[in-house]
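Participant: Just so it is clear: in the sequence shown, position 290 is 326 by our numbering, and no numbers are missing. Each residue gets a CB set at the ideal place from its N, CA and C atoms; glycine is no exception. Fair warning: this is a prediction, and the values are worked out from it, not measured in the lab. Before we start, here is the structure in question, set down as structure tokens.
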Amino acid sequence: MKYHLFRLATFDEVTNQQLMDTGIILDWNTTEPHQFYAQKRAAHQVHYDKAQQSWIIYGYPQAKEVLLNQDALIPQIKTDQTGLNQNAVKLIQQLARLSNFEQHQQSRDAALQIYNQMQPVVINALLDSLLKKTSAGAPVDWVEVVCKKLPALYILKSLGIGTEDCNLIIGYLPILVRIMSPGQTSEDILQLNELLGFLFSLLQKYLPDIKTAQNNLYPGEWTTLLISNLIGLLIQSYDAGRGLLTNTVLQLARHQLPVPVSEGANHFKEAVMETLRFDPPIHLTRRIAGKDLLIGDQLIKEGEMIIILLAAANLDPQIFESPLTYNPSRSNNQEHLAFGAGHHQCLAKHLTMHLTAETFKILHHRIQILPQSLTYEPLLNARLVKNLFITL
């Protein structure tokens with residue numbers, strides 16, 4: 037992969053103003069996360085932030101302890117006053133992955149049925165379809181042309197969804213992802229209500245209503261659960277999937293690591309794994325204490341909010357030697373927490389890593405990043421590059 041990358045601020049160039057005294061990063065465009073997290077973790081691995089009214093966790097052992105704790109619950113999302121219709125409310129409730137055991141198990145069963153229904157897809161063909169209008173040497177926005185579409189296209193094609201329907205669904209993704217936004221406008225709500233009615237009807241024909249004896253749901257409820265999980269997977273692919281594809285190409289270009297001829301496939305798997313540790317797209321997740329929890333030496337009381345900085349935990353020198361060095365060959369990079377841990381660990385992790393590794397196995401020698409400045413989406417939990425211009 038040829039490397040003509042823009043100049044990024046080094047750790048030493050980050051100013052005190054950029055490292056403002058906040059519990060979490062507020063502006064990805066002005067804050068370099070690695071040094072920010074290192075300074076915060078050195079000061080306190082767990083602390084209460086009054087501005088956020090939350091416990092903030094930076095340390096790896098404490099982060100993993102919370103993720104594995106059955107009494108650290110995923111906060112429920114209030115939907116009673118949003119104006120969203122029944123399909124939208126059901127979808128949000130499923131996306132939240134409620135910690136109530138029975139509901140969570142039902143949702144997990146539905147997700148597993150979707151994965152079991154997936155068939156292998158030729159990734160090279162998907163890339164060709166996305167890049168067919170690209171001229172050799174012409175600038176291409178890697179994020180818009182490939183990253184926002186490839187993960188969703190892979191999922192839909194693996195379920196046997198037709199090309200026309202795939203294109204329709206992918207075209208609607210920018211609207212669909214607004215369902216988790218806290219700042220929905222009245223226009224957003226109208227669009228989401230209409231879109232979800234259409235999607236539930238469309239996807240029903242592709243997801244057979246296989247009701248298992250243990251899920252205790254009527255057939256219609258099971259179908260709704262299946263569709264909700266599939267839509268949730270598509271939303272994840274649009275954000276986390278595109279973020280991993282973008283961050284991996286940046287790290288491969290920046291570090292110019294040689295590709296062993298005999299271990300090419302494994303090289304890209306290792307690079308993806310290390311990108312998840314070193315530069316993950318999703319930086320934090322939230323929990324709420326279901327009862328009093330003792331995390332490290334801190335007592336977190338029942339009902340208090342917990343913000344787990346997964347990206348900070350992945351840089352903990354207690355766990356990862358030279359954590360600020362990008363090293364795909366490190367022996368324990370698979371211990372990263374980018375996908376969470378425990379019973380709420382992301383089920384799409386293997387799919388996401390496989391798709392990303394195969395993409396770069398196919399394209400790495402063709403990609404040249406053009407000189408440019410990066411800007412990031414205004415999101416709190418995810419560090420997502422808006423645009424990345426390349427040539428092929």
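1) To which residues does DSSP link residue 258 through a beta bridge?
2) Per DSSP, residue 425 forms a beta bridge with which residues?
3) So for residue 154, helix, strand or coil by DSSP?
4) Three or more beta-carbon pairs under 8 angstroms between the region 95-115 and the region 318-325, yes or no?
5) Helix or strand or just coil, what does DSSP make of residue 90?
6) Residue range of the beta strand (DSSP E) that residue 325 falls in?
7) What does a CB cutoff of less than 7 angstroms around residue 44 pick up in its chain, not counting 5 residues either side in sequence?
8) Residue 353 to residue 304, Cα distance in whole Å?
9) Quick check: what's the CA-CA separation for residue 417 versus residue 294?
10) Restricting to Cα atoms, I'd like to know which of 262, 222 and 329 is closest to residue 236.
11) Check residue 197 in the structure and name its three-state DSSP category.
12) Which residues in the same chain have their Cβ closer than 6 angstroms to the Cβ of residue 334, if we skip the five residues on either side of it in sequence?
13) Let me know if residue 230 comes out buried or exposed under the rule of 16 or more other beta-carbons within 10 Å of its beta-carbon.
14) Is it buried or exposed for residue 77, if we count other Cβ within 10 angstroms and need 16 for buried?
15) For residue 184, count neighbouring Cβ atoms within 10 angstroms of its own Cβ and tell me buried if that reaches 16, exposed if not.
16) If you run the structure through DSSP and keep just helix, strand and coil, what is residue 412?
17) Quick one, are the C-beta atoms of residue 127 and residue 273 less than 8 angstroms apart?
18) Are residue 412 and residue 178 touching if we call contact CB-CB under 8 angstroms?
19) Assuming the contact rule is C-beta atoms closer than 8 angstroms, residue 348 and residue 73 should be a hit. Round their C-beta distance to whole Å, please.
20) According to DSSP, which residues form a beta bridge with residue 83?
21) Once the 5 residues before and after residue 312 are set aside, which same chain residues still bring their CB inside 6 angstroms of it?
22) Roughly how many whole angstroms lie between the Cα atoms of residue 359 and residue 243?
23) Looking at the structure shown, is residue 127 part of a helix, part of a strand, or coil, going by DSSP?
24) What is the DSSP secondary structure of residue 191, reduced to helix, strand or coil?
25) Please report the straight-line C-alpha distance between residue 282 and residue 421, rounded to a whole angstrom.
Facilitator: Checking against the coordinates, here is how it stands:
1) Residue pairing for residue 258: DSSP places it in no beta bridge.
2) Paired residue(s): 177.
3) Three-state result, residue 154: coil.
4) Cβ pair count under 8 angstroms is three or more, so yes.
5) Residue 90 falls in the strand class under three-state DSSP.
6) Per DSSP, residue 325 belongs to the beta strand (DSSP E) from 320-325.
7) For residue 44, the predicted model reports a pLDDT of 37, less than 50, meaning its position is unreliable; a value from the coordinates is still stated below. Within the same chain, and ignoring the five residues on either side of residue 44 in sequence, no residue has its Cβ closer than 7 angstroms to its Cβ.
8) So the two alpha carbons sit approximately 24 angstroms from each other.
9) Between the C-alpha atoms of residue 417 and residue 294 there is a straight-line separation of about 33 angstroms.
10) The residue with the shortest Cα to Cα distance from residue 236 is 262.
11) Residue 197 falls in the coil class under three-state DSSP.
12) Excluding sequence neighbours, residue 334 sits near 82.
13) With fewer than 16 Cβ atoms within 10 Å of its Cβ, residue 230 is classed as exposed.
14) Its Cβ being crowded by 16 or more others within 10 Å, residue 77 is buried.
15) When all chains shown are included, residue 184 counts as buried.
16) Assignment of residue 412 by DSSP, reduced to helix, strand and coil, places it in the strand class.
17) When the beta-carbon positions are compared, residue 127 and residue 273 stay at least 8 angstroms from each other.
18) Taking 8 angstroms as the Cβ cut-off, residue 412 and residue 178 do not qualify as a contacting pair.
19) The pair is a contact, with the Cβ atoms about 4 angstroms apart (cut-off 8 angstroms).
20) Bridge partners of residue 83: 92.
21) 372 and 374.
22) Residue 359 and residue 243 have their C-alpha atoms roughly 43 angstroms apart.
23) Residue 127 falls in the helix class under three-state DSSP.
24) Helix at residue 191.
25) The straight-line gap from Cα to Cα measures roughly 7 angstroms.
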